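Taking it in order: structure first as structure tokens, then the write-up.
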Amino acid sequence: MDGLLVDSERLERRIWRAASRAMGVELTDEQFATFIGHPAEHGDGLLRQYFGAGFDVAGFRAACRGRMEQIVATEGVPLRAGALAWLAFLAARGIPYALATSSPRAIVEERLGPHLPGFAAVVTRADVARGKPFPDIYQEAARRLGVAPGRCLAVEDSPARRGGRALRLSMPLVVVPDLVPVPTTVAARAVAVFATLDELREAATRSWPATRAVQA
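Numbers given in our numbering equal positions in the sequence shown, counted from 1, plus 120.
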């Protein structure tokens with residue numbers, strides 16, 4: 121979801137950098153990229169690694185949450201360019217699609233609320249026994265679609281963090297990267313890599329495989 125359909129990673133980067141400066145440290149873009157897609161406990165360790173063992177992680181996260189809530193209330197969270205056109209394309213073709221995300225349901229509703237009725241299934245971390253790095257969320261999304269994983273198409277922005285789970289299920293993978301570059305080892309195993317969602321939609325318009333889509 122984040123980084124693929126929702127342009128939240130740039131917003132979070134802006135918030136994290138502002139919060140870090142307010143606490144007297146500077147979070148670089150390169151450092152921020154190392155947090156993307158990892159669980160909070162991993163990120164807590166990175167914060168202490170970058171800013172010292174005594175860094176107030178809880179205070180930093182509280183400051184980030186407060187800034188995010190304020191921005192969401194006043195500005196909203198933007199969708200990634202081409203997201204609505206991609207979902208409309210799937211709907212027009214009668215292709216059911218699912219959302220597979222590690223975000224809590226409340227965050228999903230906050231960021232995609234008006235668009236959720238179009239999804240045939242929505243699977244969050246709370247719906248499966250195991251989260252990252254296990255592929256359970258993808259497996260459950262495919263089950264709810266009523267389609268074998270190998271007949272689904274996973275669309276990911278950052279396979280370094282999540283796409284590997286789709287590949288573990290032998291689920292065809294398309295990558296539309298955002299802030300994190302696609303590792304060459306993953307790109308070699310993907311069906312295709314597109315720079316934008318519009319490029320993905322244009323390619324799908326020309327030739328759509330006999331699969332169903334799982335958004336992540």
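Using N, Cα and C, we set each Cβ at its ideal position, and we do this for glycine too. From a predicted model like this one, the values you see are computed outputs, not experimental measurements.
In this structure, SER290 is the residue among ASP277, SER290, GLU230 and SER278 with its C-alpha nearest to the C-alpha of GLN259. If you look at ALA218, you'll find it in the beta strand (DSSP E) that goes 217-220.
Beta-carbon to beta-carbon, VAL302 and VAL295 are separated by about 5 Å, close enough to satisfy the 8 Å threshold. Taking the CA atoms as reference points, GLY214 sits about 13 Å from LEU265.
Its Cα nearest to that of ALA205, the residue LEU124 stands out among LEU124, PRO297, VAL313 and VAL300. With contact defined as three or more Cβ pairs closer than 8 Å, the stretch 270-277 and the stretch 237-253 are not in contact. A straight-line Cα-Cα distance of about 9 Å links ARG231 and VAL192.
The alpha-carbon separation between PRO216 and ALA240 amounts to approximately 6 Å.
DSSP places ALA178 in the uninterrupted alpha helix (DSSP H) bounded by 177-194. DSSP places LEU147 outside any beta strand (DSSP E), giving it a letter other than H or E. The Cβ atoms of ALA183 and ALA218 do not sit closer than 8 Å to each other. The beta carbon of THR304 lies closer than 6 Å to none in the same chain, with the five residues before and after it left out. Between PRO253 and THR325, the alpha-carbon positions lie close to 32 Å from each other. VAL300 carries a coil assignment under DSSP once its states are collapsed to helix, strand and coil. In the three-state DSSP reduction, ASP122 falls in the strand class (E or B).
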